[in-house]
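Asks: Going by the numbering used here, the first residue of the sequence shown is number 3, and it counts up by one from there. Every residue gets a Cβ at the ideal spot worked out from N, C-alpha and C, and that includes glycine.
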Amino acid sequence: MKRRQWLRGLVAVPVLGFVRPDTLPLRRAVFEEVGSSVLMTLSLPTLFRRYDKDALESIDSGFDTTLHFTLKVWQHGSRRLVDTREVEVRIRRDPWKKRYVVSIRENGTWTKRTFTERDAAVAAATKLDRVRVAAVTALERGEDAPSYFVTVLALRNPLEPPDEFASATAAAGRDLEWFGRLVDVLAGERAEAEETVHVRTHPFYLVSQ
């Protein structure tokens, strides 16, 4: 039977100086130790803002809206990167079954969930629900050991998906490149995605056994 523990959180201390991972906006997350893994639950509802009707209505078009999450575990109080993981989520409405489909790719495996209401599907798509962020063996244990925190870079419909998710067709690639160039001209710089959220969690540590 796997051992499951809730990991203790610490009060985050503001850090002055240059912009660093530990100075990103703070979001409350839940951490668990389950077997050999550290799991995290975190919701990022602002990936779909309620006033952004185009983004919400695009889900009903039948085409995938893609969310890409980059999770990085850092040792608190230092610049040491402990681990990096990627999660991809796709959300769309199936017009034939009249259901919203949320597909999640984690550790190379796809899982699917269906919903009757769009709001419920969006809530599920923007929630990292008990995702694995690190192996227990990669972290030190105990109250006197270092604490850690996670940064999350979330992109809605990224213009240039990471290599491990670059399985789009050549036509789709050309469309993305054309749109990227248009953004360059109009805004003077290349946007990363339709919507970007970059946050950090409160620090946590592994409790003593």
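Could you have a look at residue 113 and say whether DSSP puts it in helix, strand or coil?
Replies: strand
Asks: Around the Cβ of residue 147, are there at least 16 other Cβ atoms within 10 angstroms (buried) or fewer (exposed)?
Replies: exposed
Asks: Taking the alpha-carbon of residue 161 as reference, which of 104, 101, 63 and 67 has the nearest alpha-carbon?
Replies: Out of 104, 101, 63 and 67, 67 has the C-alpha closest to the C-alpha of residue 161.
Asks: Got a sec, what are the start and stop residues for the alpha helix (DSSP H) residue 147 sits in?
Replies: Per DSSP, residue 147 lies in no alpha helix (DSSP H) and is assigned neither H nor E.
Asks: So residue 55 is in the alpha helix (DSSP H); what residue range does that whole segment cover?
Replies: 55-61
Asks: Ordered along the chain, which non-local residues of its own chain (more than five positions away) have a Cβ less than 6 Å from that of residue 198?
Replies: 157
Asks: Buried or exposed: residue 89, going by 16 or more other Cβ atoms within 10 Å of its Cβ?
Replies: Only buried fits residue 89, as 16 or more other CB atoms lie within 10 angstroms of its CB.
Asks: Flag this pair as yes or no: are the beta carbons of residue 117 and residue 104 separated by less than 8 Å?
Replies: yes
Asks: Leaving aside the five residues before and after residue 77 along the sequence, list all residues of the same chain whose C-beta is less than 7 Å from its C-beta, in chain order.
Replies: In chain order, 84, 148 and 150 place their CB closer than 7 Å to the CB of residue 77, counting only its own chain and leaving out the 5 sequence neighbours on each side.
Asks: Looking at residue 200 and the ligand COA, is the gap between the Cβ and the nearest heavy atom below 7 Å?
Replies: Judged by which ligands are present, the structure shown has none, so any question about the ligand COA falls away.
Asks: Less than 6 Å between C-beta atoms, sequence neighbours within five positions excluded: which residues of the same chain meet that for residue 210?
Replies: So the qualifying residues of the chain are 144.
Asks: What separation, rounded to the nearest whole angstrom, lies between the Cα atoms of residue 154 and residue 60?
Replies: 24 Å
Asks: Which residue from 38, 50, 31 and 37 puts its Cα closest to that of residue 196?
Replies: For the residues 38, 50, 31 and 37, the minimum Cα distance to residue 196 belongs to 50.
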